[in-house]
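The structure under discussion appears below in the form of structure tokens.
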Amino acid sequence: MSGASTLELSGVHAGYGDFQALFGVGLRVEPGEAVGVVGPNGAGKTTLLRVISGLIRPRAGTLRFGCRDLAALPAHELPGLGIAHVPENRRLFPNLTVEENLRVGAYAKSARARFAERRDHVYAMFPRLKERRHQLAGTMSGGEQQMCAIGRALMSGPRILLLDEPSAGLAPLVVKQVFDLVARIRGEGLTVLIVEQNVAQVLRVVDRAYVLETGRVSAEGTAADLAADPAIRRSYFGGH
Amino acid sequence: MDPFLLEALLNGVLLGGVFALPVLGLNLVFGVVDVVWLCYAELVMVGMYTVWFLHTQAGWPLALAFATCLPVVAALGLLLHLLVVRPLLSAAPINQVLATGGVLFVLQGAATLVFSTDFRSLGVEMPPMELGEVFVSGTKLAAFVAALLGAAALWAFLKFTYVGTAIRAIARDREVMPLMGVDPRRIYLIASAVGGALAGLAACLLVVQLDVHPFVGLSFGPITFMICVMGGLGNMLGGFLAAFLMGLIVSTGGFWWNTEMSYVVAFLFFILVIFVRPRGLFAR
Chain A
1 MSGASTLELS GVHAGYGDFQ ALFGVGLRVE PGEAVGVVGP NGAGKTTLLR
51 VISGLIRPRA GTLRFGCRDL AALPAHELPG LGIAHVPENR RLFPNLTVEE
101 NLRVGAYAKS ARARFAERRD HVYAMFPRLK ERRHQLAGTM SGGEQQMCAI
151 GRALMSGPRI LLLDEPSAGL APLVVKQVFD LVARIRGEGL TVLIVEQNVA
201 QVLRVVDRAY VLETGRVSAE GTAADLAADP AIRRSYFGGH
Chain B
1 MDPFLLEALL NGVLLGGVFA LPVLGLNLVF GVVDVVWLCY AELVMVGMYT
51 VWFLHTQAGW PLALAFATCL PVVAALGLLL HLLVVRPLLS AAPINQVLAT
101 GGVLFVLQGA ATLVFSTDFR SLGVEMPPME LGEVFVSGTK LAAFVAALLG
151 AAALWAFLKF TYVGTAIRAI ARDREVMPLM GVDPRRIYLI ASAVGGALAG
201 LAACLLVVQL DVHPFVGLSF GPITFMICVM GGLGNMLGGF LAAFLMGLIV
251 STGGFWWNTE MSYVVAFLFF ILVIFVRPRG LFAR
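First to last, the sequence lines map onto chains A and B.
Here the first sequence stands for residues 1 to 240, numbered as in the UniProt record's numbering.
Here the second sequence stands for residues 1 to 284, numbered as in the UniProt record's numbering.
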């Protein structure tokens with residue numbers, strides 16, 4: 001079944017209005033892999049994830065998930081196909097409780113029947129969320145909100161999880177917890193594509209990574225190779 | 001307590017229940033679609049004509065006329081969204097308001113054309129009921145109970161169903177909804193139909209208390225919008241509470257002065273609220 005749910009992008013151009021953010025980006029994520037996309041602010045990392053989950057249409061290039069052409073599908077059908085996207089800044093619904101946020105995450109027809117089972121799984125993974133299940137999501141700490149956002153994405157039963165800057169805006173200790181969490185999700189066999197500015201941390205939890213600079217892939221390799229690359233170390237590790 | 005004051009207070013609560021339904025409907029549509037249906041009271045008017053026509057002209061039993069009114073006005077809400085609102089979703093807000101305001105005149109004109117400007121009465125009255133030392137109209141009491149049941153059904157829908165939860169979510173964050181597998185356009189349609197159904201239920205409760213004519217919307221439309229703004233546009237609970245507050249003001253105003261004066265007092269109170277709490281009494 002190898003390749004049944006491989007995510008593959010090639011030659012993707014995308015942008016907003018007159019502004020072009022991605023210039024011919026190619027990327028491949030095999031089932032079970034954890035892949036990182038790193039790069040400076042404004043490199044096009046968030047745009048890349050938004051193109052994959054259908055929020056932005058590519059201007060050119062192909063997007064495939066298994067045998068499906070993603071560019072031909074409306075964004076709201078992708079969670080049902082097994083693609084879940086945890087957006088930048090978490091974007092929880094602050095006026096809904098934790099459990100109601102999870103329910104919205106299980107909106108796809110294919111997910112509703114397994115709501116209770118998956119919710120219990122999420123609660124087992126994040127006991128903190130179970131304690132706060134009836135609390136409004138907007139009243140929780142940043143780290144708890146990130147757990148809730150990941151839990152909400154898991155409710156659709158994804159085959160691939162797209163994570164956009166999960167460490168953004170969190171305290172250093174919480175950042176470490178979030179990356180431990182990503183490692184745990186990986187341990188469950190889920191495919192992960194993670195976009196991060198925190199290069200040192202993300203290279204610890206992924207197998208491979210792409211370096212995105214001004215909308216182009218400037219380097220790619222295994223996490224170990226990239227972490228050892230002097231140019232990468234100089235640009236992203238030095239001084240921090 | 002003075003039994004007349006007690007009666008005024010009781011009537012205020014009953015009136016608040018009837019105000020509450022169109023307020024909830026307007027807030028629901030505004031919260032989800034972000035467009036104010038300026039013709040909301042005229043949707044209610046169409047519903048009132050529907051009940052009046054089916055019962056007095058076509059001879060249908062009242063219960064059946066009521067039951068038909070809801071889907072008819074819900075369908076009207078759907079049509080309003082598909083034909084008028086959806087094409088203008090990305091237009092300037094003022095154009096959306098002007099368009100739904102245009103529908104207001106179209107509906108008034110159409111009703112005049114079909115039914116003339118005569119006042120039509122359903123001719124249904126329930127006997128008054130004695131509660132302690134005061135008498136209340138049985139019709140008003142029944143309307144109040146039906147309004148509360150309608151509000152409770154709406155609450156349960158929003159609280160316990162997938163679509164209802166998505167409706168509350170979309171009111172806060174539109175753009176992220178496709179990532180949840182939610183098609184916002186479908187949610188807009190559902191909210192418009194439910195908003196229409198609430199107008200239909202309000203029509204059933206009003207047609208037993210008011211004669212219907214093409215301009216009947218003027219007798220409760222403006223106050224409905226005032227209540228929505230007082231409670232905070234889009235804030236369902238705020239609107240629900242403000243409806244009772246307004247009902248009490250109108251009703252007790254009639255006790256201390258007279259009915260005409262009570263609407264003046266209500267309007268003055270509204271102006272005061274706008275100055276003191278411009279985002280609504282219950283804004284956080």
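In this text, a Cβ means the ideal position worked out from N, Cα and C, and glycines have one as well.
Practice task
For A/L154, collect the residues of the same chain with a Cβ closer than 6 Å to its Cβ; drop the 5 residues on either side in sequence, then sort them by chain order.
Solution key: Position 154 of the first sequence holds residue 154 of chain A. Answer for A/L154: V122, listed in chain order.
Exercise for the section: Return yes when the Cβ of A/S218 is within less than 9 Å of the Cβ of A/G39, no when it is not. Expected result: Translated into positions along the first sequence, residue 39 of chain A becomes position 39. Translated into positions along the first sequence, residue 218 of chain A becomes position 218. Yes, the Cβ-Cβ distance between A/G39 and A/S218 is below 9 Å.
Handout entry: DSSP three-state assignment for A/G36, whether helix, strand or coil
Key = Locating residue 36 of chain A in the first sequence gives position 36, counting from the first residue. Looking at A/G36 - three-state DSSP - the assignment turns out to be strand.
Handout entry: Contact between the stretch 130 to 144 of chain B and the stretch 218 to 231 of chain B (3+ Cβ pairs under 8 Å)
Key = no
Problem - Every unbroken alpha helix (DSSP H) inside the stretch 36 to 104 of chain A [4 residues or more] - result: 45 to 52 and 78 to 81
Exercise for the section: Tell me whether B/F4 is buried or exposed, calling it buried when 16 or more other Cβ atoms sit within 10 Å of its Cβ. Expected result: As a working mapping, residue 4 of chain B is identified with position 4 in the second sequence. Its Cβ having fewer than 16 others within 10 Å, B/F4 is exposed.
Problem - Any chain B beta carbon closer than 9 Å to A/F19 - result: As a first step, residue 19 of chain A must be located in the first sequence, where it is residue number 19. No, because no Cβ of chain B sits closer than 9 Å to the Cβ of A/F19.
Practice task
Compare the C-beta of B/R277 against all C-beta atoms of chain A and say whether one is closer than 9 Å.
Solution key: Counting from one through the second sequence, the residue named residue 277 of chain B turns up at place 277. No - not a single Cβ of chain A is within 9 Å of the one on B/R277.
Handout entry: A/G239 versus A/E196: straight-line alpha-carbon distance, rounded
Key = For the purposes of this step, residue 239 of chain A is taken as residue 239 along the first sequence, with counting starting at 1. For the purposes of this step, residue 196 of chain A is taken as residue 196 along the first sequence, with counting starting at 1. Unreliable positioning characterises A/G239 in this predicted model, as indicated by a pLDDT of 48, which lies under 50. The coordinate reading is nonetheless provided below. Each residue's Cα considered, the two are about 18 Å apart.
Handout entry: For A/L9, the first and last residue of its enclosing beta strand (DSSP E)
Key = Residue 9 of chain A sits at position 9 when you count from the first residue of the first sequence. Taken as a continuous stretch (DSSP letters only), the beta strand (DSSP E) holding A/L9 covers L7 to Y16.
Practice task
Output, in chain order, the set of chain A residues within a Cβ distance shorter than 8 Å of B/G238.
Solution key: Within the second sequence, residue 238 of chain B is the residue found at index 238, counting from 1. Per Cβ cutoff of 8 Å: no residues; B/G238 is ~13 Å from chain A at best.
Exercise for the section: Find out if the Cβ-Cβ distance for the pair B/V73, B/V46 is shorter than 9 Å. Expected result: Mapped onto the second sequence, residue 73 of chain B falls at position 73. Mapped onto the second sequence, residue 46 of chain B falls at position 46. It is a contact, given that the beta carbons lie within the stated cut-off.
Practice task
Under 6 Å Cβ to Cβ from A/R64, same chain only, skipping five residues before and after it: list those, please.
Solution key: The sequence position of residue 64 of chain A within the first sequence is 64, counting from 1. E8, listed in sequence order.
Problem - A/A175: contacting residues in chain B (beta-carbon distance under 9 Å) - result: Translated into the one-based positions of the first sequence, residue 175 of chain A becomes position 175. The sequence shown places Val at residue 175 of chain A, rather than the Ala named in the question. Going along chain B, no residue has its Cβ under 9 Å from A/V175, so there is no contact; the nearest lies around 23 Å.
Practice task
Please check if any C-beta of chain B sits within less than 9 Å of the C-beta of A/H13.
Solution key: Taking the first residue of the first sequence as position 1, residue 13 of chain A is located at position 13. Cβ-Cβ to chain B under 9 Å: no for A/H13.
Exercise for the section: Kindly indicate which three-state DSSP category B/Q209 falls into: helix, strand or coil? Expected result: Along the second sequence, read from residue 1 onward, the residue named residue 209 of chain B stands at position 209. Coil, per DSSP.
Handout entry: Close beta carbons around B/A171, own chain, < 7 Å, minus the five adjacent residues each side
Key = Looking up residue 171 of chain B in the second sequence gives position 171. Cβ neighbours of B/A171 beyond the five flanking positions: G31, V32 and G234.
Handout entry: Inter-residue spacing [alpha-carbon to alpha-carbon] between B/P214 and B/V44
Key = Start at 1 with the first residue of the second sequence, and residue 214 of chain B comes out as number 214. Start at 1 with the first residue of the second sequence, and residue 44 of chain B comes out as number 44. Cα to Cα, B/P214 sits roughly 11 Å from B/V44.
Problem - Classification of A/M1 by the beta-carbon crowding that lies within 10 angstroms, buried from 16 upward - result: As a first step, residue 1 of chain A is located in the first sequence; it is residue number 1 there, counting from the start. Confidence in A/M1 is poor, its pLDDT being 42 and thus under 50, which makes the residue's placement unreliable; the coordinate value appears in the next sentence. Exposed: under 16 other Cβ atoms inside 10 Å.
Practice task
List the residues that DSSP assigns as beta-bridge partners of residue 314 of chain B.
Solution key: With chain B running from 1 to 284 in the structure shown, residue 314 of chain B is simply not present.
Practice task
For B/L34, decide whether its Cβ has a neighbour in chain A, counting only Cβ atoms nearer than 9 Å.
Solution key: Indexing the second sequence from 1 puts residue 34 of chain B at position 34. The displayed chain sequence assigns Asp, not Leu, to residue 34 of chain B. It does not; no Cβ of chain A falls within 9 Å.
Problem - Opening and closing residue of the beta strand (DSSP E) in which B/E260 lies - result: Here residue 260 of chain B refers to the residue found at position 260 of the second sequence. Premise fails: B/E260 lies in the alpha helix (DSSP H), T259 to V276, not in any beta strand (DSSP E).
Handout entry: Proximity test, Cβ basis, 9 Å: B/G181 and chain D
Key = Absent from the structure is chain D; the protein chains it does hold are A and B.
Exercise for the section: Let me know if A/Y16 comes out buried or exposed under the rule of 16 or more other beta-carbons within 10 Å of its beta-carbon. Expected result: The residue labelled residue 16 of chain A in the question sits at position 16 within the first sequence. Exposed, because fewer than 16 other Cβ atoms sit within 10 Å of the Cβ of A/Y16.
Handout entry: Cβ of A/H134 within 9 Å of any chain B Cβ
Key = Indexing the first sequence from 1 puts residue 134 of chain A at position 134. No - not a single Cβ of chain B is within 9 Å of the one on A/H134.
Practice task
Within its chain, find whatever has a CB closer than 6 Å to the CB of B/E7; leave out the 5 residues flanking it on each side and keep chain order.
Solution key: Walking along the second sequence from the start, residue 7 of chain B turns up at place 7. For B/E7, where only same-chain residues beyond five positions count, the Cβ hits under 6 Å are V134.
Problem - Residue nearest to B/L80 in terms of C-alpha spacing, selected from B/L281, B/V212 and B/G195 - result: Reading the second sequence from its first residue, position 80 is the one you call residue 80 of chain B. Comparing Cα-Cα distances from B/L80 to each of B/L281, B/V212 and B/G195, the minimum goes to B/G195.
Handout entry: chain B within 9 Å of A/A106, Cβ atoms only
Key = Indexing the first sequence from 1 puts residue 106 of chain A at position 106. It does; some Cβ of chain B falls within 9 Å.
Practice task
Output, in chain order, the set of chain A residues within a Cβ distance shorter than 7 Å of B/A169.
Solution key: Stepping through the second sequence from its first residue, residue 169 of chain B is reached at position 169. What B/A169 touches in chain A: F93, L96 and V104.
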